[in-house]
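Protein chains in written order, with my numbering: chain X, 2 to 192; chain V, 350 to 641.
Read through the structure below, which is laid out as structure tokens, and then see the notes.
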Amino acid sequence: MIKLSFPFTAEKILALKVGDEVLISGVVFTGRDAVHKYLHEGGKLPPGVSLKDGIIYHCGPVMMKQDDGSWKCTAAGPTTSIREEPYQGQIIHDFGVRGVIGKGGMGDRTVEACKANGCVYLHAVGGAAQVLAECVKQVRNVYFAAEFGAPEAIWELEIADFPAVVTIDAHGHSLHKEIFAASSAELAKRL
Amino acid sequence: MSQLQDSLVELIRRTSAEIPDDVHQAILTSLENEKKGSLAANAIKIIDQNIALAKNKSQPICQDTGSILFYVDVPIGYDQITFADTAREAVKLATKKGFLRQNSVDSLTGKNDGTNCGPGAPAFHFHQHRSPEVSVKLVLKGGGCENVGAQYSLPIEKLHANRDLDGCRKAILDAVLQAQGKGCGPGILGVCIGGDRATGYELSKTQFLRRLEDRNPIAELDALEQDILKTSNELGIGPMGFGGKTTLLGVKICAANRVPASFFVSVSYMCWAYRRQGVTLDAESKIGKWLY
């Protein structure tokens with residue numbers, strides 16, 4: 002297990018390789034379909050949100066408002082990342098993103114963007130909403146809740162020891178491509 | 350709050366927070382098959398921890414609490430309109446309590462009113478039977494696995510899939526290959542051979558009401574189920590597509606008549622977070638027994 006802690010510097014990110022298991026700690030921002038489309042179309046990040054050397058998490062959490070007005074995260078697993086493939090590469094480039102947490106992997110354009118910009122894709126266990134919600138130590142803020150609805154909003158989360166696997170590294174390697182090629186070959190033998 | 354509403358909120362809570370025993374058992378067995386310390390084994394361990402945490406905290410196993418699918422068997426003369434109205438109220442309340450995420454979006458405006466109710470949501474499948482019993486089964490099907498469902502119209506030249514059982518096999522295995530990683534595996538397939546585009550998918554989802562360990566009474570379908578399961582688990586896709594031995598936990602296939610011109614194979618994929626429960630209701634609409 003490799004501890005990956007804020008700040009997510011280029012040096013730390015470049016040291017990671019496909020297959021590494023990491024525990025992530027620090028501030029991350031959620032962003033999924035609506036946010037990616039909005040940013041891709043030239044939308045501005047709200048004041049207080051910076052993705053520079055940061056991590057974007059493909060997640061639509063369940064959040065419960067507490068009596069004191071704060072938020073409690075009660076479920077927070079990753080959502081399927083491939084839907085952001087049309088937008089992700091450009092967002093990594095434009096905003097200086099160093100890490101993308103999600104599930105299911107991403108395509109060639111994101112692999113290229115990770116290589117060109119020093120970014121990694123971190124695969125969390127899909128469906129593990131409770132284990133991952135336990136890693137959310139504080140919900141620091143929420144942005145665009147009114148515009149996009151709770152699951153699609155940008156949530157600013159402080160996480161600790163959040164488990165993930167590097168499946169796309171900053172050197173052009175993708176575990177998803179490797180497994181797809183190997184499994185296709187195995188299937189061909191069995192048809 | 351009516352007794353019926355009370356019972357349905359409890360059904361929703363338990364479906365969202367507790368994995369059925371047959372599925373949990375299959376997940377534990379898969380852990381034994383994976384190499385210790387592998388990415389696959391570590392992913393399944395996190396899945397198992399998650400199952401325990403969700404149950405203990407009475408919180409959603411997965412934050413995507415999915416499409417809400419009710420399958421309701423009712424006696425002749427049962428008031429289905431009142432049932433559906435009450436179930437919608439139960440869904441709203443379960444959402445307020447956090448058993449369900451605010452998960453239903455107006456497809457035209459993009460607005461999410463936070464109730465989980467709207468056109469087509471939740472979905473009801475009523476079935477009349479000649480028994481006094483009311484049974485309510487509930488499936489919460491997340492969007493990640495729903496998105497990797499696939500419908501094949503045979504023949505498909507690219508797959509060398511003709512209009513026969515071997516063609517069906519090729520189509521189903523292609524769906525497994527394409528779904529890798531994206532559907533939160535290890536997954537469970539529900540398949541319908543035949544039907545039309547709508548009934549094919551609808552019947553494929555009813556296969557998720559079967560218990561994982563059951564066997565298909567139709568010999569050809571049973572053989573196909575076992576073959577698809579074994580072959581898929583030899584492909585090395587593994588949990589989350591990380592590689593490994595457990596690509597699928599189960600395969601359930603049914604067949605429906607088709608018109609001569611059409612030959613559909615409809616494949617629905619269920620993630621490991623297989624949220625399916627059911628209850629019988631007594632005369633006062635109290636929960637009688639749990640079905641899974």
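For glycine and all other residues, C-beta sits at the position ideal for the given N, C-alpha and C.
- Less than 9 Å separates the beta-carbon of X/Y144 from that of X/G49.
- Our two residues, V/V608 and V/G544, have alpha carbons roughly 8 Å apart in a direct line.
- Taken in chain order, the members of the segment 167-182 of chain X whose beta-carbon sits within less than 8 Å of a beta-carbon on chain V are T168, L176, H177, I180 and F181.
- Taking a Cβ-Cβ threshold of 8 Å, the residues of chain V close to X/M65 are G447, in chain order.
- Here X/P62 carries a coil assignment [DSSP, helix/strand/coil].
- X/E153 and X/D34 do touch by the CB rule: their CB atoms are close to 6 Å apart, below 8 Å.
- Contacts with chain V (Cβ-Cβ distance below 7 Å) from the segment 60-85 of chain X involve G61, P62, V63, M65, T75, A76, A77, G78, T80, T81 and I83, listed in chain order.
- Setting aside the 5 residues that flank it on each side, V/G493 is surrounded in the same chain by D413, K531, G532, C533 and C620, each with a C-beta closer than 8 Å to its C-beta; the list follows chain order.
- Cβ atoms of X/T168 and X/G100 stay farther apart than 8 Å, at about 12 Å.
- In summary, X/E135 is buried, with 16 or more beta-carbon neighbours lying within 10 Å of its beta-carbon over all protein chains present.
- Restricting attention to V/M350, V/S617, V/V358 and V/Y618, the CA atom closest to the CA of V/L487 is found in V/V358.
- Here V/C411 carries a coil assignment [DSSP, helix/strand/coil].
- Just measuring C-alpha positions, the residue of X/H41, X/G20, X/S185 and X/E159 sitting nearest X/I56 is X/E159.
- Per DSSP, the beta-bridge partners of V/R625 are V/V488.
- Close to chain V, meaning a Cβ-Cβ distance shorter than 7 Å, are the following residues of the segment 148-166 of chain X: G150, A151, P152, P164 and V166.
- In the DSSP annotation of this structure, V/P424 is not part of any alpha helix (DSSP H); the continuous beta strand (DSSP E) holding it starts and ends at S416 to P424.
- Counted as a single uninterrupted DSSP element, the stretch harbouring V/H478 is not any alpha helix (DSSP H) but the beta strand (DSSP E) occupying residues A472 to H478.
- Taking the C-beta atoms as reference points, X/I3 is found nearer than 9 Å to X/V23.
- V/T378 sits exposed, since fewer than 16 C-beta atoms from the chains shown fall within 10 Å of its C-beta.
- Around X/A129, the beta-carbon contacts reaching into chain V at under 7 Å are I395, I396 and N399.
- Of the residues assessed, V/E383 falls on the buried side of the cut-off, its CB having 16 or more other CB atoms within 10 angstroms.
- If you draw a straight line from the Cα of V/K394 to the Cα of V/D428, it is about 45 Å long.
- If you check each beta-carbon in the segment 105-119 of chain X against every beta-carbon of chain V, the ones closer than 7 Å belong to G105 and G106.
- In this structure X/I155 is in contact with X/G32, their Cβ atoms being roughly 6 Å apart against a cut-off of 8 Å.
- Contact annotation: in the segment 530-546 of chain V, residues whose CB is within less than 7 Å of a CB in chain X are G530, K531 and C533.
- The Cβ atoms of V/E574 and V/I602 lie closer than 9 Å to each other.
- With a 10 Å radius around the Cβ and a threshold of 16 neighbouring Cβ atoms, V/P424 comes out exposed.
- Scanning V/L508, V/S484, V/S615 and V/P409 for the CA closest to the CA of X/L133 turns up V/P409.
- The three-state secondary structure of V/L442, taken from DSSP, is helix.
- Residues of chain V with a Cβ closer than 8 Å to the Cβ of X/G20 are, in chain order, L388.
- For X/D162, the three-state secondary structure derived from DSSP is strand.
- Under the DSSP assignment, X/N142 falls in the beta strand (DSSP E) whose first and last residues are V137 to Y144.
- Nearest C-alpha to V/L578 among V/G593, V/S365, V/I537 and V/D462: V/I537.
- In the pairwise beta carbon analysis, the segment 168-177 of chain X is classified as touching the segment 3-19 of chain X: at least three pairs are separated by under 8 Å.
- Straight-line measurement puts the Cα of X/G90 at about 37 Å from the Cα of V/F613.
- In the DSSP assignment, X/K73 is bridged to X/M65.
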